[in-house]
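Each position in the sequence shown, counted from 1, maps to that position plus 15 in this note's numbering. Structure, as structure tokens:
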Amino acid sequence: MRILGWNCRGICNASTVRALKAQIRGWHPSVLFLCETKASVVWMNVVAKLIGFQNLVVLGPKGRVGGICMLWSNKVDIEVLEFNCPIIAIRIKDCAVSWSLVGFYGPPQKTKRDKTWVDLHALLESIPGPWMCCNRFTWSKRRWGRNSIRERLDRGIANIDWRLAFPRAVVYHLGALNLDHCPLLIDTNPKEAFFPRPFRFEAVWAKDPRCYDVKILELTTNLEKVQSGSHSDTNTNLENSIQVELNGWLARLETVWRQKSRETWLKEGDRNSRFFHLSTIIRRKHNSIDAIKYDFGDWIISKSEIKKFVVSKFIDLFTEEPISFPSGLDNLILPTISSMQNEALCNIPTPLEIKNVIFGMYNLKALGPDGLPALFYKQYWPIMGESVISAMQNFFRSSHMLNECVSSVSFSILINGGKTNSFKHSRGLKQRDPLSPYLFILCQDVLSRLIDRQFNSGAINGVKMNPFGPAFTHVMYADDLMLFAKATSREVLVLDDCLELYCQWSGQLVNRDKSGINFSKLVSRERKRAITEELNMKTISDHANYLGAPLFASRNSSKDFKFLQEKVESRLKGWRCKSLSWAG
Numbered sequence: 016m017r018i019l020g021w022n023c024r025g026i027c028n029a030s031t032v033r034a035l036k037a038q039i040r041g042w043h044p045s046v047l048f049l050c051e052t053k054a055s056v057v058w059m060n061v062v063a064k065l066i067g068f069q070n071l072v073v074l075g076p077k078g079r080v081g082g083i084c085m086l087w088s089n090k091v092d093i094e095v096l097e098f099n100c101p102i103i104a105i106r107i108k109d110c111a112v113s114w115s116l117v118g119f120y121g122p123p124q125k126t127k128r129d130k131t132w133v134d135l136h137a138l139l140e141s142i143p144g145p146w147m148c149c150n151r152f153t154w155s156k157r158r159w160g161r162n163s164i165r166e167r168l169d170r171g172i173a174n175i176d177w178r179l180a181f182p183r184a185v186v187y188h189l190g191a192l193n194l195d196h197c198p199l200l201i202d203t204n205p206k207e208a209f210f211p212r213p214f215r216f217e218a219v220w221a222k223d224p225r226c227y228d229v230k231i232l233e234l235t236t237n238l239e240k241v242q243s244g245s246h247s248d249t250n251t252n253l254e255n256s257i258q259v260e261l262n263g264w265l266a267r268l269e270t271v272w273r274q275k276s277r278e279t280w281l282k283e284g285d286r287n288s289r290f291f292h293l294s295t296i297i298r299r300k301h302n303s304i305d306a307i308k309y310d311f312g313d314w315i316i317s318k319s320e321i322k323k324f325v326v327s328k329f330i331d332l333f334t335e336e337p338i339s340f341p342s343g344l345d346n347l348i349l350p351t352i353s354s355m356q357n358e359a360l361c362n363i364p365t366p367l368e369i370k371n372v373i374f375g376m377y378n379l380k381a382l383g384p385d386g387l388p389a390l391f392y393k394q395y396w397p398i399m400g401e402s403v404i405s406a407m408q409n410f411f412r413s414s415h416m417l418n419e420c421v422s423s424v425s426f427s428i429l430i431n432g433g434k435t436n437s438f439k440h441s442r443g444l445k446q447r448d449p450l451s452p453y454l455f456i457l458c459q460d461v462l463s464r465l466i467d468r469q470f471n472s473g474a475i476n477g478v479k480m481n482p483f484g485p486a487f488t489h490v491m492y493a494d495d496l497m498l499f500a501k502a503t504s505r506e507v508l509v510l511d512d513c514l515e516l517y518c519q520w521s522g523q524l525v526n527r528d529k530s531g532i533n534f535s536k537l538v539s540r541e542r543k544r545a546i547t548e549e550l551n552m553k554t555i556s557d558h559a560n561y562l563g564a565p566l567f568a569s570r571n572s573s574k575d576f577k578f579l580q581e582k583v584e585s586r587l588k589g590w591r592c593k594s595l596s597w598a599g
């Protein structure tokens, strides 16, 4: 079912009706909610006939302000629940689910808003089951004067029951038809283009191969029959046995949703299937792509078109650009590994070492391309162990597999859980390969030696933590790099030349939009401006974060990590916490 909501800012002119008819022709909504119509009941009946709706509920404006209307077709079963300015509430039967839709328009006068919000809150609290409320919401930063920030937010807001009833529902913000208000299109069951999904081993399969949903329904029905029968020792024993079996199947179902939710901080046995279910819905929603914008500004909503657009972008991204052959590597990389170290590195791992590594992995952590988590190998190690050990040892014995991991890689993109066709690439390292970090470090070592060569020649001086300590020029972590230098144009240009030379050799590029410079307090404003312009980077403050932690720690650690406390508090206040069972 599709519901269209729009703050039309007056429906009494031909251009607005024409624009509304175009949206209805394009999206075919079953229910339409209009607010700020500024139209009488008589005129809204005329508009309903023009746009093809047979049923409507109208609340007229007060003077030239307000007016709301709810319209629906004969194809839907609807009951009017509330019909009182400024709220219209209806109950809809959609795919055997009965839920409530609340259309709401807050008064423009600030003095009347508090009472309206209280009335809306009371109505939503009184509605049983799933509900959704669509409205023109507003937000302000509570600043006044020149620093005032105010936003109009056209949104659809729903309770947890509604999200559970319609886990695939989406809200589209269509193009603004007048001024700054976008029509809202709510689709409770959007049609998705079929993409083949990758195989994933479900943890519950390790416990029982049968269908848990069917079994739970069967056991619940049997338990209700026994409980409704006459009291006897036989029925009591039967009830206990059914209850034990039902608890086992509920535990299996919990395992399924726990695996899908990717929540690893709760232990198996915490009976929070509702929480895991909500976590799964939230994660899927966050990871889903419902619309994407073209380079020239238009939006794509079709799932098949989104797939084509994303694949073409990644093919362009992974297409190699011309690079120059490293001609300045003379005396840059010197032998550093002794023959004894080389012999140790070439040793084949023992079967016990391989088994310990696998059994040390978390059971349900991210799956590999084969869809098998570590739990699968642990559960079936007596069957799979020899094959796994043989494959691992053959990798270390062969002389070509390392190059194969880099040169024979093909990519397949997951879009909303579906897998696209694979394509070859000509640049970049294979992702999620355990070797990738080491290969990346080997490449970055060239950049490190370039910087060290400039430091040893005196071209850059680095930074000292104290006058008697050693100087250091750079710190690397994965693909991130921190450079330390004096705030002079000469040192800055030397470091920039090192980066440019490394990029020419490796084919990598510096993302200057995400890069930044932090200056000490003694650097003048003019010098800061000159250096930021030379490097084409922005200035970052002393309060910047890196990987979720403060980049620069102060003496007040409580203040530095205050955000962690705020994150925990916000998570406890979140809507998923309502599904947790509290201790005590």
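No residue lacks a Cβ here, since even glycine has one placed at the ideal position from N, Cα and C.
CA-to-CA distance, residue j to residue i, given in whole angstroms
| i | j | result |
| --- | --- | --- |
| Gly284 | Asn560 | Because Gly284 sits at a pLDDT of 46, beneath the cut-off of 50, its placement in the model cannot be relied upon, and the following sentence gives the value as read from the coordinates. In a straight line, the C-alpha of Gly284 is about 36 angstroms away from that of Asn560. |
| Trp280 | Asn378 | The predicted model places Trp280 with a pLDDT of 45, which falls under 50 and marks its position as unreliable; any figure quoted below should be read in that light. Those two C-alpha atoms are separated by around 13 angstroms. |
| Asn371 | Met399 | 15 angstroms |
| Ser556 | Lys206 | 46 angstroms |
| Phe411 | Cys361 | 8 angstroms |
| Pro482 | Leu537 | 17 angstroms |
| Ser504 | Ser572 | 34 angstroms |
| Thr554 | Gly78 | 53 angstroms |
| Glu5 | Lys577 | Nothing about residue 5 can be read from this structure; the chain reaches only from 16 to 599. |
| Gly433 | Val32 | 39 angstroms |
| Ser256 | Ile297 | 36 angstroms |
| Glu358 | Glu320 | 53 angstroms |
| Cys27 | Glu140 | 35 angstroms |
CB contact flag (residue i, residue j, <8 angstroms)
| i | j | result |
| --- | --- | --- |
| Asn174 | Trp146 | yes |
| Ile363 | Gln408 | yes |
| Ile83 | Thr126 | no |
| Ser451 | Met491 | no |
| Ala502 | Ile546 | yes |
| Thr435 | Ile466 | no |
| Cys148 | Ile201 | no |
| Arg570 | Asn551 | no |
| Trp87 | Leu49 | no |
| Gly144 | Trp114 | yes |
| Ala500 | Leu508 | no |
| Tyr187 | Ala306 | yes |
| Leu116 | Val46 | yes |
| Ile102 | Val72 | no |
Below-8 angstroms beta-carbon distance, residue i vs any chain B residue
| i | result |
| --- | --- |
| Ala474 | The structure shown has no chain B; it contains just one protein chain. |
Closest residue to residue i among the options (Cα-Cα distance)
| i | options | result |
| --- | --- | --- |
| Leu135 | Ile107, Cys100, Ala111, Lys125 | Cys100 |
| Cys23 | Val56, Leu199, Asn60 | Leu199 |
| Ile428 | Val507, Gly118, Lys328, Gly563 | Lys328 |
| Leu390 | Glu401, Gly375, Ile404 | Gly375 |
| Asn471 | Glu581, Pro76, Pro485 | Pro485 |
| Thr351 | Met480, Asp460, Glu335, Leu387 | Asp460 |
| Asn89 | Pro182, Cys197, Asn70 | Asn70 |
| Tyr120 | Gly75, Ala111, Glu94 | Gly75 |
| Leu566 | Glu548, Glu549, Gly531, Gln580 | Gly531 |
| Tyr453 | Glu368, Ser437, Asp494 | Asp494 |
| Cys458 | Lys479, His440, Leu514 | Leu514 |
| Thr365 | Ser354, Arg540, Val403, Ser30 | Val403 |
| Phe98 | Asp109, Gly78, Leu138, Ile348 | Leu138 |
| Gln469 | Glu549, Leu516, Phe324, Gly67 | Leu516 |
| Asp331 | Phe438, Ser521, Phe311, Cys197 | Phe438 |
| Trp314 | Ile102, Ser55, Leu189 | Leu189 |
| Ala184 | Arg128, Val326, Asp109, Lys130 | Asp109 |
| Ile142 | Asp129, Arg128, Arg106, Arg170 | Arg106 |
| Arg299 | Gly171, Ser317, Arg178, Gln38 | Arg178 |
Residue i, DSSP secondary structure in three states
| i | result |
| --- | --- |
| Gly400 | helix |
| Gly78 | coil |
| Cys518 | helix |
| Cys361 | coil |
| Ala500 | coil |
| Met147 | strand |
| Gly284 | Because Gly284 carries a pLDDT of 46, less than 50, the predicted location of this residue cannot be relied on, and the following value inherits that uncertainty. In this structure, Gly284 counts as coil in the three-state DSSP scheme. |
| Leu96 | strand |
| Pro602 | In the structure displayed, the chain extends from 16 to 599; residue 602 sits before or after that span and is not available. |
Whole-angstrom C-beta distance between residue j and residue i, which should lie under 8 angstroms
| i | j | result |
| --- | --- | --- |
| Ile430 | Lys322 | 5 angstroms |
| Leu65 | Trp42 | Between Trp42 and Leu65 the Cβ distance is about 17 angstroms, and since that is not below 8 angstroms, they are no contact. |
| Ala180 | Val112 | 5 angstroms |
| His440 | Phe333 | 4 angstroms |
| Thr203 | Met16 | 5 angstroms |
Any non-hydrogen atom of the ligand MN within 7 angstroms of residue i CB
| i | result |
| --- | --- |
| Arg24 | The ligand MN is absent from the structure shown, which contains no ligand whatsoever. |
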